[in-house]
Amino acid sequence: MSTPVSSPSSTAPQPPVQPVFGHRHLLGIEPLKPHEITAILDLADSYAELNRRPEKHANALVGLTQINMFFENSTRTQASFEIAGKRLGADVMNMAMQASSIKKGETLIDTAMTLNAMHPDLLVVRHPHSGAVDLLAQKVNCAVLNAGDGKHEHPTQALLDALTIRRAKGRLHRLNIAICGDVAHSRVARSNLILLGKMENRIRLIGPPTLVPSQFAEFGAEIYDDMREGLKDVDVVMMLRLQKERMDGGFIPSEREYFHRYGLDAEKLSHAKSDAIVMHPGPMNRGVEIDGTLADDINRSVIQEQVEMGVAVRMAAMDLLAQNLRAERSATAG
Amino acid sequence: MTLLFINARLIDPEADTDSLGALLVQDGKITEVLPEGTEPGQLFRARNIDENSAEVFDCGGKCLAPGIVDIGVKVCEPGERHKESYKTAGLAAAAGGVTTIVTRPDTTPSIDSPETLEFVTRRAQADAPVHVLPMAALTKGREGCEMTEIGFLMDAGAVAFSDCDHVVSNTKVFSRALTYARSCGALVIAHPQEPLLSAGAAATSGKFAALRGLPAVSPMAERMGLDRDIALLEMTGAKYHADQITTARALPALERAKANGLDITAGTSIHHLTLNELDVADYRTFFKVKPPLRSEDDRLAVAEAVRTGLIDTISSMHTPQDEESKRLPFEEAAAGAVALETLLAAAMRLYHADLLDLPTLFRALALNPAKRLGLASGRLATGAPADLVLFDPDQPFVMDRFQLKSKSQNTPYDGQRMQGRVLATYVTGAPVYRRD
């Protein structure tokens with residue numbers, strides 16, 4: 001089987017050069033440099049092309065084992081990582097961790113050590129606590145991809161959002177981007193804020209002050225509690241899911257008041273640029289943070305495209321990490 | 001038994017002096033503070049001391065200070081002896097220049113009855129080479145519902161009453177306990193914190209906590225807790241000590257309360273004086289303490305408050321945690337750090353950074369805590385017990401946590417460069433630690 005997708009891992013060994021992506025793990029956007037973000041997105045673009053063909057296979061991960069460990073419920077992210085791994089030829093295994101040994105009192109580190117002994121190459125981890133994936137990455141000798149840790153980071157989501165924006169807008173810099181809703185509880189918001197900031201965009205955070213704490217201003221974002229004012233002249237509107245399961249107190253008076261003041265509908269969107277795109281990381285609460293009709297409007301909403309780019313971005317990220325892993329192993333072996 | 005320290009750099013917090021001199025110790029007490037150049041033979045003859053029974057110790061110009069009195073040490077007996085015992089805590093204290101440890105009652109079970117207190121006292125006498133003074137809980141089970149037998153507990157040796165990090169949130173219960181404690185002359189030590197605002201917090205709110213996605217508490221929660229306690233003190237007239245003041249925002253309230261003549265003192269922890277929130281870095285759980293580490297502005301404001309005397313005491317807030325309690329995601333990991341043995345070396349950071357001089361440091365480490373508890377120690381004065389620490393404030397070393405004498409080695413200073421080492425520790429004139 002041959003593939004037109006150029007992937008350095010499928011070419012002949014080359015003299016050692018600085019890798020385009022200089023990290024062992026993908027734990028967050030924070031440690032990435034702008035050129036590394038661009039490298040992932042460029043490779044993801046080519047995988048997006050591959051994914052639209054009838055034959056969707058590449059061989060970047062052939063012979064490697066990928067384990068998806070989800071300590072928190074997930075349907076779409078887990079499916080996306082699984083498809084990405086399988087399309088690149090990895091042996092993929094899913095572990096639903098809520099149902100397994102965690103219930104028997106095993107600690108995160110013990111679970112990690114146990115899995116590590118099975119020699120996985122790529123470990124995709126989601127965990128309800130911030131920093132848990134970093135902790136796990138210190139204890140294993142494979143590449144770890146953060147699929148979301150607590151309220152900290154969700155790097156592949158930010159990358160897929162960036163790719164979607166780049167494809168829709170033709171660039172990923174000097175855009176006015178509004179991130180709306182439950183910023184406080186959102187790892188998606190943090191990763192996006194960091195990534196879009198690194199790529200030199202103007203970012204606005206819109207939401208009630210209980211969900212958009214003022215400290216986010218220190219990241220260089222502008223904060224609005226009036227949605228119409230905040231959406232004025234923006235190029236991109238990113239909606240966040242209202243994280244009902246993370247709410248341990250009254251952050252908003254009711255869902256209907258929230259929808260009235262901060263739910264995205266056609267009228268509020270009319271304050272943005274006429275070609276502004278609408279994004280949502282999913283799963284959506286229709287009628288809470290976004291109007292259902294608007295979410296389905298193919299002229300404005302790129303929500304389906306985001307899901308599609310998710311697979312491509314995850315293929316790219318795993319490909320780059322696998323290249324580094326193979327280079328590291330051949331260096332230690334030779 | 002006579003012991004003469006010569007050629008010592010005497011750190012006297014009471015006189016606020018740092019000068020060369022000599023110190024004569026007889027039968028466990030300081031009997032004379034002498035000027036520099038004291039000639040031992042001449043002195044012994046003048047004082048009718050048998051030269052053969054006397055020991056002369058040349059300090060070589062190193063610092064001799066009153067031993068540290070550390071309020072708020074957790075020894076994990078009863079309940080979790082695998083984390084720390086009276087023996088290991090005592091050895092750690094001796095190695096750290098701490099001559100009196102005032103133990104916390106937040107054990108399992110809590111020290112809330114004369115019977116459990118008696119257990120602690122017996123264990124401490126059997127195993128610890130330093131003075132151990134126990135605190136007792138203010139409410140039964142530290143549950144904030146019913147006050148403990150304050151009178152009986154005082155008879156059994158409790159030096160203060162505290163529910164530690166549990167805030168007595170029911171103001172009616174707390175005001176009655178304060179009123180009753182006042183009638184017994186008991187000192188109440190409280191943790192100033194608004195408990196609902198700080199529930200679940202692992203960090204101080206701000207840019208760092210937002211970036212790391214950690215549940216955070218505003219520093220205002222400490223001020224609110226202190227304000228509430230001050231109002232109750234005005235109402236009850238009780239004798240009160242705030243265990244840890246760690247934020248700039250709480251300081252004006254403390255200053256006003258003192259100016260108004262309330263019987264209030266306050267302490268802070270060595271960690272809040274020497275570390276800030278950024279030290280947590282990539283979720284390093286050894287830096288998780290309670291209350292959480294604060295901003296650098298707060299740290300400097302608190303150090304300044306120690307300098308002016310607004311904050312009275314510095315303590316280690318020694319809290320042993322085993323590896324299993326710390327090898328967890330930050331939110332789930334246990335709070336607390338061991339610090340008995342590192343207290344003095346860490347405090348030297350404040351000295352070397354020109355924030356606090358040595359007499360000021362020992363005022364907060366030894367003199368003030370001793371005074372607050374009504375102890376005769378903490379000073380270099382004739383008649384005071386010879387609880388002493390000899391240290392070299394300049395000696396550099398790299399902290400290796402596995403060298404610590406505590407059973408638990410959860411120190412945030414692991415791997416860090418430190419400057420200042422304890423050379424010897426004496427308790428009532430007897431050496432309990434000597435560095436080879």
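Just so you know, the sequences run in chain order A and B.
Here our numbering is used: the first residue of the first sequence is 1, the next is one more, and so on.
Here our numbering is used: the first residue of the second sequence is 1, the next is one more, and so on.
Glycine included, C-beta positions come from ideal geometry on N, C-alpha and C.
Legend entry - Spatial distance of Ala-156 of chain B from Gly-220 of chain A (CA atoms): In the second sequence, residue 156 of chain B corresponds to position 156, counting from 1. In the first sequence, residue 220 of chain A corresponds to position 220, counting from 1. Spanning the alpha carbons of Ala-156 of chain B and Gly-220 of chain A requires a straight line of approximately 59 Å.
Inset, instruction - Measure from the C-beta of Tyr-283 of chain B to each C-beta in chain A and report whether the shortest distance is under 8 Å. - result: In the second sequence, counting from the first residue as 1, residue 283 of chain B sits at position 283. For Tyr-283 of chain B, the answer is yes, since a Cβ of chain A falls inside 8 Å of its Cβ.
Legend entry - Tyr-283 of chain B: CB within 7 Å of a non-hydrogen atom of the ligand GDP: Absence of the ligand GDP is noted for the structure shown, with no ligands found whatsoever.
Legend entry - As assigned by DSSP and simplified to three states, the class of Arg-47 of chain B: As a working note, residue 47 of chain B is residue 47 in the second sequence. Coil, per DSSP.
Legend entry - Option nearest Ser-408 of chain B by Cα separation, candidates B:Glu-14, B:Thr-31, B:Ala-8, B:His-82: The sequence position of residue 408 of chain B within the second sequence is 408, counting from 1. The candidate whose alpha carbon is nearest that of Ser-408 of chain B is B:His-82.
Inset, instruction - Could you check if Cys-145 of chain B is buried or exposed, using at least 16 other CB atoms within 10 Å of its CB as the buried criterion? - result: The sequence position of residue 145 of chain B within the second sequence is 145, counting from 1. Residue burial annotation: Cys-145 of chain B is exposed, with fewer than 16 other C-beta atoms found within 10 angstroms of its C-beta.
Legend entry - Closer than 7 Å at the beta carbon, the chain A residues around Leu-214 of chain B: Numbered from its first residue, the second sequence carries residue 214 of chain B at position 214. Within 7 Å Cβ-Cβ: Ser-130.
Inset, instruction - Taking Thr-103 of chain B as part of the beta strand (DSSP E), name the residues at either end of that continuous run. - result: Walking along the second sequence from the start, residue 103 of chain B turns up at place 103. Residues 98-103.
Inset, instruction - Decide if Asn-368 of chain B is buried, meaning its Cβ has at least 16 other Cβ atoms within 10 Å, or exposed. - result: Your numbering for residue 368 of chain B matches position 368 in the second sequence. With 16 or more Cβ atoms within 10 Å of its Cβ, Asn-368 of chain B is classed as buried.
Inset, instruction - Could you say which of B:Ser-169, B:Ala-266, B:Leu-361, B:Ala-137 lies nearest to Gly-378 of chain B if we only look at CA atoms? - result: For this step, residue 378 of chain B is matched to residue 378 along the second sequence. Closest option to Gly-378 of chain B, Cα to Cα, is B:Leu-361.
Inset, instruction - Using a Cβ-Cβ cut-off of 8 Å, state whether Gly-22 of chain A counts as contacting chain B. - result: One-based indexing of the first sequence puts residue 22 of chain A at position 22. No, Gly-22 of chain A lies away from the interface with chain B (no Cβ there is under 8 Å from its Cβ).
Legend entry - Residues within the region 391-417 of chain B neighbouring chain A, beta-carbon criterion of under 8 Å: none
Legend entry - Distance, Ala-364 of chain B Cα to Gly-206 of chain B Cα: Within the second sequence, the letter at position 206 stands for residue 206 of chain B. Within the second sequence, the letter at position 364 stands for residue 364 of chain B. Going from the Cα of Gly-206 of chain B to the Cα of Ala-364 of chain B covers about 29 Å.
Inset, instruction - Would you check if the distance between the CB atom of Leu-294 of chain A and the CB atom of Leu-269 of chain A is smaller than 8 Å? - result: By one-based count along the first sequence, residue 294 of chain A stands at place 294. By one-based count along the first sequence, residue 269 of chain A stands at place 269. Against a cut-off of 8 Å, the Cβ pair of Leu-269 of chain A and Leu-294 of chain A comes out as a contact.
Inset, instruction - Report the neighbours of Arg-294 of chain B on chain A: residues whose CB is nearer than 8 Å to its CB, in chain order. - result: Here the question's residue 294 of chain B lines up with position 294 in the second sequence. In chain order: nothing, as chain A lies at least about 14 Å away.
Legend entry - Contained alpha helix (DSSP H) runs [length at least 4] in the region 273-303 of chain A, N- to C-terminal order: 292-295
Legend entry - 8 Å Cβ cutoff, Arg-299 of chain B in contact with chain A: Here the question's residue 299 of chain B lines up with position 299 in the second sequence. No, its Cβ sits nowhere closer than 8 Å to a Cβ of chain A.
Inset, instruction - Could you tell me whether any Cβ in chain B is nearer than 8 Å to the Cβ of Gln-215 of chain A? - result: Here the question's residue 215 of chain A lines up with position 215 in the first sequence. With 8 Å as the cut-off, Gln-215 of chain A counts as an interface residue toward chain B.
Inset, instruction - List the residues that DSSP assigns as beta-bridge partners of Gly-309 of chain B. - result: Along the second sequence, one-based indexing puts residue 309 of chain B at 309. Looking at the DSSP assignment, Gly-309 of chain B forms no beta bridge with any residue, so it has no partner.
Legend entry - Selection of the region 115-144 of chain A by Cβ proximity to chain B, strictly under 8 Å: Answer set for the region 115-144 of chain A: His-127, His-129, Ser-130, Gly-131, Ala-132, Asp-134, Leu-135.
Inset, instruction - Report the rounded CA-to-CA distance for Leu-310 of chain B versus Ala-190 of chain B, giving the unit in angstroms. - result: Locating residue 310 of chain B in the second sequence gives position 310, counting from the first residue. Locating residue 190 of chain B in the second sequence gives position 190, counting from the first residue. Between Leu-310 of chain B and Ala-190 of chain B, the C-alpha separation is close to 17 Å.
Inset, instruction - Find the nearest neighbour of Arg-307 of chain B within the set B:Leu-356, B:Gly-72, B:Arg-294, judged by alpha-carbon distance. - result: Sequence index remark: in the second sequence, residue 307 of chain B carries index 307 (1-based). Of the candidates B:Leu-356, B:Gly-72, B:Arg-294, the one whose C-alpha sits nearest the C-alpha of Arg-307 of chain B is B:Leu-356.
Inset, instruction - Return yes when the Cβ of Ala-303 of chain B is within less than 8 Å of the Cβ of Leu-251 of chain B, no when it is not. - result: Locating residue 251 of chain B in the second sequence gives position 251, counting from the first residue. Locating residue 303 of chain B in the second sequence gives position 303, counting from the first residue. In this structure, Ala-303 of chain B does not lie closer than 8 Å to Leu-251 of chain B by Cβ.
Inset, instruction - To the nearest angstrom, report how far apart Tyr-86 of chain B and Ala-126 of chain B are at their CA atoms. - result: Indexing the second sequence from 1 puts residue 86 of chain B at position 86. Indexing the second sequence from 1 puts residue 126 of chain B at position 126. Taking the straight line joining both Cα atoms gives about 9 Å.
Legend entry - Nearest residue (CA-CA) to Gln-395 of chain B, options B:Glu-341, B:Thr-121, B:Arg-421, B:Leu-404: Residue mapping note: residue 395 of chain B aligns to position 395 of the second sequence, counting from 1. Ranking the options by Cα distance to Gln-395 of chain B, first place goes to B:Arg-421.
Legend entry - Inter-residue Cα distance where the pair is Ala-276 of chain A and Ile-230 of chain B: Counting from one through the first sequence, the residue named residue 276 of chain A turns up at place 276. Counting from one through the second sequence, the residue named residue 230 of chain B turns up at place 230. Rounded to whole angstroms, Ala-276 of chain A to Ile-230 of chain B spans 55 Å at the Cα level.
Legend entry - Cross-chain neighbours of Lys-198 of chain A in chain B, by beta carbon under 8 Å: Taking the first sequence and counting its residues from 1, the one referred to as residue 198 of chain A is at position 198. Simply none; closest approach about 14 Å.
Legend entry - Residue closest to Ile-83 of chain A, alpha-carbon to alpha-carbon, out of A:Val-20, A:Gly-310, A:Gln-323: On the first sequence, position 83 is the one that residue 83 of chain A refers to. Per the Cα distances, A:Gly-310.
Inset, instruction - Would you mind reading off the limits of the alpha helix (DSSP H) that contains Asn-260 of chain B? - result: Position 260 of the second sequence, counted from the start, is the residue given in the question as residue 260 of chain B. Looking at the DSSP string, Asn-260 of chain B is not in any alpha helix (DSSP H), and its letter there is neither H nor E.
Legend entry - Three CB pairs or more closer than 8 Å across the region 337-345 of chain B and the region 324-332 of chain A: no
Legend entry - Simplified DSSP state of Asp-127 of chain B, which is helix, strand or coil: Numbered from its first residue, the second sequence carries residue 127 of chain B at position 127. Helix, per DSSP.
Inset, instruction - Would you kindly work out how many angstroms separate the C-alpha atoms of Val-98 of chain B and Cys-184 of chain B, rounded to a whole number? - result: As a position in the second sequence, residue 98 of chain B is number 98, starting the count at 1. As a position in the second sequence, residue 184 of chain B is number 184, starting the count at 1. Taking the straight line from one Cα to the other gives about 28 Å.
Legend entry - Chain-ordered neighbours of Ser-205 of chain B on chain A, where CB pairs are closer than 8 Å: Walking along the second sequence from the start, residue 205 of chain B turns up at place 205. Those within 8 Å of Ser-205 of chain B in chain A are Pro-213, Gln-215.
Inset, instruction - For Asp-392 of chain B, write down the residues that DSSP places opposite it in a beta bridge. - result: If you number the second sequence from 1, residue 392 of chain B lands on position 392. Looking at the DSSP assignment, Asp-392 of chain B forms a beta bridge with B:Arg-421.
Inset, instruction - Just confirm the distance between the C-beta atoms of Leu-61 of chain A and Ala-90 of chain A, as a whole number of angstroms; I'd bet it's less than 8 Å. - result: By 1-based counting over the first sequence, the position of residue 61 of chain A is 61. By 1-based counting over the first sequence, the position of residue 90 of chain A is 90. The C-beta distance from Leu-61 of chain A to Ala-90 of chain A rounds to 4 Å, short enough to meet the 8 Å contact threshold.
Inset, instruction - Count the other CB atoms, across all protein chains shown, that sit within 10 Å of the CB of Asn-73 of chain A; report buried if there are 16 or more and exposed otherwise. - result: Position 73 of the first sequence, counted from the start, is the residue given in the question as residue 73 of chain A. Counting Cβ neighbours within 10 Å, Asn-73 of chain A comes out exposed, since fewer than 16 surround it.
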